[in-house]
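J.: In the UniProt record's numbering, the protein residues as written are 1 to 706.
Glycine residues also receive a C-beta, built at the ideal position from the N, C-alpha and C atoms.
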Amino acid sequence: MTLATTTRTTCPYCGVGCGVLASTLEDGTVEIQGDPLHPANLGRLCSKGSALGETVGLDGRLLHPVVDGKQVSWDEALDTVSERLQTIIQEHGPDSVAFYLSGQLLTEDYYVANKLMKGFIGSGNIDTNSRLCMSSAVAAYKRALGSDTVPCSYEDLEIADLLVIAGSNAAWCHPVLFQRISKAKELRPDMKVVVIDPRRTATCDLADLHLPVKPGSDAYLFNGLLNYLKQHDKLDWRFIEQHVDGFADALQAAKTSSASIPAVAAACELPESDVAEFFRLFAQTERSISFYSQGINQSSSGTDKCNAILNCHLATGRIGKPGMGPFSITGQPNAMGGREVGGLSNMLAAHMDIDNPSHRDLVSRFWKTDRLTTTPGRKAVDMFKDLGSGKIKAVWVLATNPVVSLPEADAVKKALEQCELLIVSDIEQQTDTTRHAHVLLPALAWGEKSGTVTNSERRISRQRAFLPAPGEARADWWMIAEVAKRMGFAEAFDFNSAADVFREHAALSGFENNNLRDFDISALATMSDSQFEQLKPVQWPVNEAAPKGTARLFTEHQFNTANGKAKMIAVDPRLPANHCDIEYPLVLNTGRIRDQWHTMTRTSRAPRLAAHMPEPVVEIHPMDAATWQLKDGALAELTSRWGRLIGRVNHSNSQRPGSVFVPIHWNSQFAALARVATLVNAVTDPLSGQPELKQTPVSIRAFNAE
Ligand code: SF4
């Protein structure tokens with residue numbers, strides 16, 4: 001078969017952000033290879049990335065706008081959206097409407113949506129499903145460093161002498177990064193890896209030490225580490241004196257919660273010898289990276305857990321240097337890009353804050369608006385609670401499926417059924433969310449859309465179109481801009497291409513030289529269309545001082561706080577909000593599996609991906625299975641105070657006794673009771689708003705369909 005064209009683009013799944021070469025063949029099929037020139041993956045791909053070519057078909061695609069069940073023209077759909085939104089805003093005010101976005105969107109989509117809601121509708125009610133994946137890490141970085149800034153690069157993972165992987169099954173969730181780490185360890189066998197995770201996951205295959213902590217007890221462990229470092233004189237006193245505030249209070253809190261190795265071992269339910277070994281390794285290894293993800297973030301005390309990790313790096317000066325640092329890994333392909341343009345309800349574009357009057361002034365002048373919101377909006381979980389109570393009347397959901405993914409998913413479903421206006425932009429006709437929509441807008445899928453994404457190491461990469469737009473599908477940024485024009489904001493939304501949007505976003509990042517924020521990509525603001533087309537992967541900041549990008553931040557140990565010092569936070573560890581009891585005796589942990597992505601709307605199209613785990617499983621330790629008389633392969637029913645799920649029992653010694661694991665992916669198209677988020681309480685971290693998706697008390701019993 002002859003190759004028609006090959007296009008350089010970026011994988012649309014996880015936050016590793018691998019470069020992909022997509023070749024369209026004459027018969028219309030798509031061949032996928034890893035891009036050897038992309039710095040994130042250097043040619044590697046994982047199972048999901050390499051199956052991308054099998055997911056680009058048009059079966060089930062939403063190809064035309066639909067209003068109240070009838071196919072309509074784009075003009076009619078856009079008029080309807082703008083008229084209905086305006087009617088609700090006139091009657092109930094700007095905070096009666098909301099946008100709910102996704103880490104699957106491109107930065108340009110995020111930017112335009114954020115500009116419309118915060119800048120011109122005048123509400124902060126725009127949030128994202130990235131709230132579920134990394135918002136605790138963001139809140140912790142801001143508390144400690146003064147800005148939401150990931151200091152490290154992937155290369156740091158390869159040159160570290162100690163890698164502490166906390167709350168991450170990188171082998172399945174960030175596979176190419178895991179491949180890079182595995183290779184580095186193979187080349188340098190002295191490199192040590194510690195995995196902190198209640199489950200024995202595939203990532204533990206690389207571990208020199210696995211700490212199966214009691215679910216939710218991580219802050220005791222890192223507080224204990226800080227205390228140990230002080231007791232063993234392993235702190236960098238000079239760094240603390242010159243560059244850190246808050247040390248004494250943080251240490252006092254650590255001493256109180258985690259006074260000794262036996263106390264930590266008891267709190268975390270770990271052998272004392274393993275705790276001691278972890279502390280010893282960290283204390284003696286200068287080049288240490290803490291690599292953390294959802295297992296730390298998805299908690300009602302996720303921000304504190306992240307800060308407990310950051311404290312250990314600040315107290316040892318292990319930040320801003322090669323092979324060292326606290327490295328939060330994002331789950332989604334563009335969770336980082338969303339952060340850059342203010343995709344979280346408490347942020348403005350270019351990493352500025354709604355709460356900061358000078359930031360509001362700067363953004364208002366740049367956008368030439370007098371309508372900019374002055375107050376943060378509702379975070380994801382609260383947004384849908386307000387929709388359920390009727391306080392929010394209308395929501396526009398873009399590229400995500402909250403009826404499957406948000407906690408207390410049945411309450412979310414009910415809120416969408418009852419709300420006055422639900423607009424959904426999606427590539428699929430039938431999802432658990434689209435089926436409740438009053439207005440459906442057909443979006444471009446991966447391979448059809450064009451713009452940028454930013455990966456976990458701050459690297460901006462291009463997603464490029466290599467397939468024609470099917471039916472009437474259009475870019476998300478375009479439909480938002482068209483609605484904005486119809487709402488009376490034509491001048492501010494006069495974008496003709498993704499390049500136009502990107503240039504404005506880049507210009508705002510450097511507007512009036514406000515370089516206190518580390519996020520500055522103003523060197524990219526003057527790119528021509530063809531330069532944008534050719535844009536090579538680059539790490540922000542990209543400005544006059546660093547025109548080729550920046551691999552590592554805080555190398556001068558100047559942080560983005562008022563006095564330039566980082567801040568250690570006194571962490572008083574809290575266990576999960578809901579405790580197990582006689583009625584609900586097991587802890588439910590949720591997470592990703594190797595070969596599926598989110599709610600499976602794309603990955604379920606590839607049969608070879610489905611082969612890895614064909615249906616929802618309930619992983620349980622054989623001892624617990626015996627207690628509840630659950631046969632391997634039989635069906636089990638899980639119940640919590642918030643919902644129900646039926647899944648296939650899988651006996652697994654990797655599971656910690658007293659807990660069960662269920663993947664997040666299955667939706668009700670596969671089975672009526674397959675959405676695990678129905679079980680999860682919508683309790684959130686008070687600072688980050690991130691829900692506690694990892695620790696829900698549940699009961700279990702054998703399920704008999706009769
Ligand atoms: Fe895509 Fe992530 Fe796999 Fe890379 S590691 S190919 S970005 S899913």
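1. Less than 8 angstroms between the C-beta atoms of G643 and V587, yes or no?
2. Run the proximity test for C204: is its beta-carbon closer than 7 angstroms to any non-hydrogen atom belonging to ligand 1?
3. How about S217 and L575: are their beta carbons less than 8 angstroms apart?
4. Sorry if obvious, but does the Cβ on K183 come closer than 7 angstroms to a heavy atom of ligand 1?
5. Output the distance between the C-alpha atoms of I296 and D79, rounded to the nearest integer angstrom.
6. Can you tell me which residues fall inside 5 angstroms of ligand 1, judged by beta-carbon distance to its nearest heavy atom, and keep chain order?
7. Look at the alpha carbon of Q332 and the alpha carbon of L687, and state the distance between them as a whole number of angstroms.
8. Are the beta-carbon atoms belonging to T454 and N334 less than 8 angstroms from one another?
9. Give, in chain order, every unbroken run of the alpha helix (DSSP H) that is at least 4 residues long and sits entirely within the segment 495-548.
10. The beta strand (DSSP E) spanning E241 covers which residue range?
11. Take every Cβ of the segment 275-283, pair it with every Cβ of the segment 592-602, and state whether three or more of those distances are shorter than 8 angstroms.
12. Alpha carbon to alpha carbon, how far is V275 from I257? Give it in angstroms, no decimals.
13. Confirm, please, whether the CB-CB distance from L398 to S102 is below 8 angstroms.
14. Taking just the CA atoms, how far does A137 sit from A566?
15. Among A481, G93 and L221, whose alpha-carbon lies nearest the alpha-carbon of S260?
16. Here's the rule: buried if 16 or more other CB atoms are within 10 angstroms of the residue's CB, otherwise exposed. What is H38?
17. Distance, Cα to Cα, V264 vs T87?
18. Could you have a look at Y13 and say whether DSSP puts it in helix, strand or coil?
19. From N401, Q418, S135 and S450, pick the residue whose C-alpha is nearest to that of Q429; which is it?
20. Between V20, D109, P547 and P36, which has its C-alpha nearest residue 709's C-alpha?
21. Could you check what DSSP says for S50 in three-state terms: helix, strand or coil?
22. Taking the alpha carbon of K115 as the point to measure from, which residue in V56, G343, P151 and T431 has its own alpha carbon closest?
23. List, from N- to C-terminal side, the alpha helix (DSSP H) runs of 4 residues or more that fit wholly inside the segment 83-131.
24. Which word fits K70, buried or exposed, when buried means at least 16 other C-beta atoms lie within 10 angstroms of its C-beta?
25. In or out: M134 buried (at least 16 other Cβ within 10 Å) or exposed?
26. Return the chain-ordered list of same chain residues with a C-beta closer than 7 angstroms to the C-beta of N307, the five sequence neighbours on each side being excluded.
27. Where does I664 land, buried or exposed, given buried means 16+ other C-beta within 10 angstroms?
28. If we call anything under 8 angstroms between Cβ atoms a contact, is residue 707 one with F502?
29. Starting from I620, follow its DSSP beta bridges and name the residues at the other end.
30. Return the chain-ordered ranges of every beta strand (DSSP E) run that is complete within the segment 123-173 and spans a minimum of 3 residues.
31. Can the beta-carbon of A630 be found closer than 8 angstroms to that of I646?
32. Give the range of the alpha helix (DSSP H) segment to which G388 is assigned.
33. Looking at C-alpha atoms only, which residue of G122, D370 and F178 is the closest neighbour of I165?
34. Taking I460 as the reference, give the member of F519, P537 and S50 with the closest Cα.
35. To which residues of the same chain is I392 closer than 8 angstroms at the C-beta, ignoring the five residues directly before and after it?
T.: From the atom records:
1. Taking 8 angstroms as the cut-off, the beta carbon of G643 is found no closer than this to the beta carbon of V587.
2. Checking the Cβ of C204 against ligand 1 gives no.
3. Cβ distance < 8 angstroms, so S217 and L575 count as in contact.
4. K183 Cβ: outside cutoff for every heavy atom of ligand 1.
5. Near 44 angstroms, if we compare the C-alpha coordinates of D79 and I296.
6. The chain-ordered list of residues whose CB is nearer than 5 angstroms to some heavy atom of ligand 1 reads C11, Y13, C14, V16, C18, L45, C46, K48, G49, P175 and V176.
7. Each residue's Cα considered, the two are about 21 angstroms apart.
8. T454 is a Cβ neighbour of N334, given a cutoff of 8 angstroms.
9. List check, alpha helix (DSSP H) in window: 498-509 and 529-534.
10. Not the beta strand (DSSP E): E241 falls in the alpha helix (DSSP H), residues W237 to H243.
11. With contact defined as three or more Cβ pairs closer than 8 angstroms, the segment 275-283 and the segment 592-602 are not in contact.
12. Residue identity differs from the one stated: residue 257 is Ser in this sequence, not Ile. It is roughly 15 angstroms from the alpha-carbon of S257 to the alpha-carbon of V275.
13. Yes, the pair counts as a contact, with Cβ atoms nearer than the cut-off.
14. The C-alpha of A566 lies about 15 angstroms from the C-alpha of A137.
15. Comparing Cα-Cα distances from S260 to each of A481, G93 and L221, the minimum goes to L221.
16. Label assigned to H38: buried.
17. Going from the Cα of V264 to the Cα of T87 covers about 57 angstroms.
18. Assigned with DSSP and collapsed to three states, Y13 falls in coil, not helix or strand.
19. It is N401.
20. No answer is possible for residue 709: it lies beyond the span of the chain, which begins at 1 and ends at 706.
21. When secondary structure is reduced to three states using DSSP, S50 falls in the helix class.
22. Measuring from the Cα of K115, the nearest candidate turns out to be G343.
23. If we require 4 residues or more, the alpha helix (DSSP H) runs fully inside the segment 83-131 come out as 107-114.
24. Label assigned to K70: exposed.
25. Buried.
26. Closer than 7 angstroms at the Cβ level, and outside the excluded window around N307, lie A140, R143, A144, I569 and V571.
27. Buried: at least 16 other Cβ atoms inside 10 Å.
28. Given that the chain is displayed from residue 1 to residue 706, the structure contains no residue 707 and the question cannot be resolved.
29. Per DSSP, the beta bridge partners of I620 are H651 and V660.
30. Note on the segment 123-173: whole beta strand (DSSP E) runs with a minimum of 3 residues are 126-128 and 162-166, in chain order.
31. Just to set this straight, residue 630 is Leu in the shown sequence, not Ala. No, they are not a contact pair.
32. Where G388 is concerned, the enclosing alpha helix (DSSP H) stretches over A380 to S389.
33. Ranked by Cα distance from I165, the options G122, D370 and F178 are led by F178.
34. Nearest to I460 by C-alpha distance, out of F519, P537 and S50, is P537.
35. Here the set comprises D95, S96, V97, A98, N125, R378, M383, D386 and C419.
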